[in-house]
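Going by the working numbering, the first residue of the sequence shown is number 830, and it counts up by one from there.
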Amino acid sequence: MSSSTANPQQEPVLEATPERLLAARKAVISSSIGAALEWFDIIVFASFAVVISEIFYPEGDPVFSSSSPSPPLPSPTWFAPSAAWSWAGSPIDVAANRR
Numbered sequence: 830m831s832s833s834t835a836n837p838q839q840e841p842v843l844e845a846t847p848e849r850l851l852a853a854r855k856a857v858i859s860s861s862i863g864a865a866l867e868w869f870d871i872i873v874f875a876s877f878a879v880v881i882s883e884i885f886y887p888e889g890d891p892v893f894s895s896s897s898p899s900p901p902l903p904s905p906t907w908f909a910p911s912a913a914w915s916w917a918g919s920p921i922d923v924a925a926n927r928r
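Written as C-alpha cells, this is what we have:
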C-alpha cells in the first residue's frame, strides 16, 4: 500500500494568466459600477420621496404621506434575483451565452 493521499478527482488549480486577471478586473469594475448606479437610484428616490409625498398625497395624514413612497425602495433587492432566476433558461440567455 502506498502512503500517498492524492485524490485523482481533484481539479488542478487554475493559473493566474494575464487574460484571467483582465477578465476578473473587468468583472469587478462592471459589478462595482452596477452597484453604484443602483445605490444612486435608491438615494435619489429616497431624496425625492419628501417632494413626491408633498405633491401627490394629502396633507392631513403625515404618516401616510411619508410612508407611501417607501415600498418601492427595496424592490431592486427583491426583483433582481428573481428576474435572473426566471431568465436562466430562456432562449435569449442561451443565445447570448453561445458567443
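Using N, Cα and C, we set each Cβ at its ideal position, and we do this for glycine too.
Separation of residue j from residue i, as counted between CA atoms
{"i": "E848", "j": "V879", "result": "48 Å"}
{"i": "E883", "j": "L850", "result": "50 Å"}
{"i": "F885", "j": "G863", "result": "30 Å"}
{"i": "V857", "j": "G889", "result": "48 Å"}
{"i": "S860", "j": "W868", "result": "12 Å"}
{"i": "E840", "j": "A852", "result": "21 Å"}
{"i": "E844", "j": "R927", "result": "24 Å"}
{"i": "D870", "j": "K855", "result": "22 Å"}
{"i": "T846", "j": "F877", "result": "47 Å"}
The ligand NAD heavy atom lying under 7 Å from the CB of residue i
{"i": "I858", "result": "Inclusion of the ligand NAD in the displayed structure is not the case, the ligand content being empty and no account of it being possible."}
Same chain, Cβ closer than 8 Å to residue i, five either side skipped, listed in chain order
{"i": "I872", "result": "none"}
{"i": "G866", "result": "Looking at the sequence shown, residue 866 is not Gly but Leu. Same-chain partners within the cutoff: there are none."}
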